[in-house]
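Numbering (my numbering), first residue to last: 11 to 394. C-beta: ideal position from N, C-alpha, C; glycine also. For clarity, every value in this text was computed on a predicted model and none was experimentally measured. Beneath this line is the structure, given in structure tokens, with notes to follow.
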């Protein structure tokens, strides 16, 4: 059933845990339809694009006498989310760098292959965080004439490279170390240093993971879903990468501790090698998961089914709009969605009524989901 029409002046209920800022979901951008202030390069109201397609590009900017959008509304939320992602990556990178040095020293002193594998794990994570930072910076660049839809998808390229680094440096080295430890069977392990470093590393990685989960909880509160669901479905692969890496780091530390402890109790270094191989397999799973997600988004994955359902729901509530013939969406970046819709209007609708309905449709879509940055409507009439 279509959602009842809502007044643009009535703000729907929001979760008390949602991020602050803005005048509610129905706050308009200075360049949004109906605001009276077209964005840079946006078509004038009522002007059709070639082929009868009506398009709207929602960009940053402010009009004279109006507060810039950074002070309120969805774009402010988008910027806030980007800043939070950058902060999460920086904290994770610093934690991983510190832990990598400590693990390397502990691995050399203790002679533990599992601890050395964890050092390689942290080196891979540190490199990954650097690549994710580059992804965030380059992907957030504004659109240009040559790249009219922005650079959001470039962030997926760098995130994919980060997954490859995790695969090569982390998984490859860990498995190699484990096999070598089993074959050579060194029995001169000194576990005390390894235990201390593993405990300290667990605390550091836990702090980084807590920040990642906190950021996901904020998003989950805004959408009124669980943070685990957000983690599974978010198109922001940077957040997903940090979450998976930190989770894998904690599991890897536990595996390393078990390997060192089992080797100490049995006097056999085989368990240390087995733990190292297990860490490598863990990193292999993480790298494969991240690579698969980023490849799908690079190829051009549509927005999530829930987003498509919201779009159809909002369009169904627009007066004079009688149906949607075809709906296409494209995830342009972590916070950018393109919507292209072939819609049909009432047979007796005038051109002015169609234009008003098109403006209403655009306004509703942006109000419902601020990540929608580009809307293309192709008005048609049903045959007969």
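Quick one: is residue i buried, meaning 16 or more other Cβ sit within 10 Å of its Cβ, or exposed?
i, result
"residue 120", "buried"
"residue 360", "exposed"
"residue 302", "exposed"
"residue 256", "buried"
"residue 238", "exposed"
"residue 277", "exposed"
"residue 161", "buried"
"residue 158", "exposed"
"residue 122", "buried"
"residue 300", "buried"
"residue 187", "buried"
"residue 202", "exposed"
"residue 236", "exposed"
"residue 234", "exposed"
"residue 341", "buried"
"residue 81", "Per-residue confidence for residue 81 stands at a pLDDT of 25, beneath the threshold of 50, marking its modelled position as unreliable; no derived number is given."
"residue 36", "Residue placement at residue 36 cannot be trusted, given a pLDDT of 32 that sits under 50; the coordinates are not used to answer."
"residue 30", "Its pLDDT being 34, under 50, residue 30 is placed unreliably by the model, and nothing is read from it."
Taking C-alpha atoms, which residue in the options lies nearest to residue i?
i, options, result
"residue 270", "176, 207, 216, 232", "207"
"residue 200", "370, 167, 274", "274"
"residue 297", "159, 172, 160", "172"
"residue 334", "291, 390, 358, 281", "390"
"residue 252", "243, 345, 344, 223", "223"
"residue 338", "228, 380, 351", "351"
"residue 254", "279, 226, 358", "226"
"residue 219", "249, 242, 233, 318", "249"
"residue 141", "280, 176, 279", "176"
"residue 308", "281, 280, 317, 344", "344"
"residue 367", "340, 327, 295", "327"
"residue 354", "318, 295, 135, 388", "388"
"residue 183", "357, 283, 107, 246", "283"
"residue 110", "179, 174, 245", "179"
"residue 170", "245, 304, 243", "304"
"residue 317", "243, 247, 231", "243"
"residue 131", "294, 332, 357, 358", "294"
"residue 221", "134, 356, 103, 358", "103"
"residue 246", "181, 306, 356", "306"
"residue 112", "205, 281, 174, 193", "205"
Who are the Cβ neighbours of residue i in its own chain at under 6 Å, not counting the five residues just before and after it?
i, result
"residue 378", "320, 324"
"residue 114", "129"
"residue 96", "146"
"residue 363", "330"
"residue 143", "99"
"residue 105", "214, 218"
"residue 259", "215"
"residue 263", "208, 211, 212"
"residue 336", "352"
"residue 281", "269, 272, 273"
"residue 185", "287, 290"
So, for residue i: in the same chain, excluding its five sequence neighbours on each side, which residues have a beta-carbon less than 7 Å away from its beta-carbon?
i, result
"residue 375", "321, 324, 349, 382, 385"
"residue 346", "160, 162, 381, 383"
"residue 117", "125, 126, 129"
"residue 241", "226, 250, 253"
"residue 268", "285"
"residue 133", "110, 179"
"residue 181", "290, 293, 294, 297"
"residue 101", "218, 221"
"residue 138", "172, 175, 176, 251, 255"
Within a Cβ cutoff of 8 Å, which residues of the same chain sit near residue i, ignoring the five residues on either side of it in sequence?
i, result
"residue 265", "124, 285, 288, 289, 292"
"residue 148", "161, 164, 165, 168"
"residue 136", "103, 106, 107, 110"
"residue 261", "292"
"residue 189", "283, 287"
Are any of the Cβ atoms in chain D nearer than 9 Å to that of residue i?
i, result
"residue 206", "Note that chain D does not occur in the displayed structure, where there is just one protein chain."
Run through the segment 243 to 296 for me and flag every whole alpha helix (DSSP H) of 4 or more residues, listed as ranges in chain order. 247 to 276
Flag this pair as touching only if the segment 146 to 155 and the segment 306 to 319 have three or more C-beta atom pairs under 8 Å; answer yes or no. no
Please give me, in chain order, every unbroken run of the alpha helix (DSSP H) with length at least 4 that falls completely inside the segment 290 to 378. 315 to 326, 361 to 378
Within the chosen definition, does the segment 209 to 219 reach the segment 164 to 171 through at least 3 CB pairs nearer than 8 Å? no
What are the complete beta strand (DSSP E) segments, minimum 3 residues, inside the segment 161 to 243? none
Restricting to runs no shorter than 3 residues, where is the beta strand (DSSP E) found entirely within the segment 108 to 148? none
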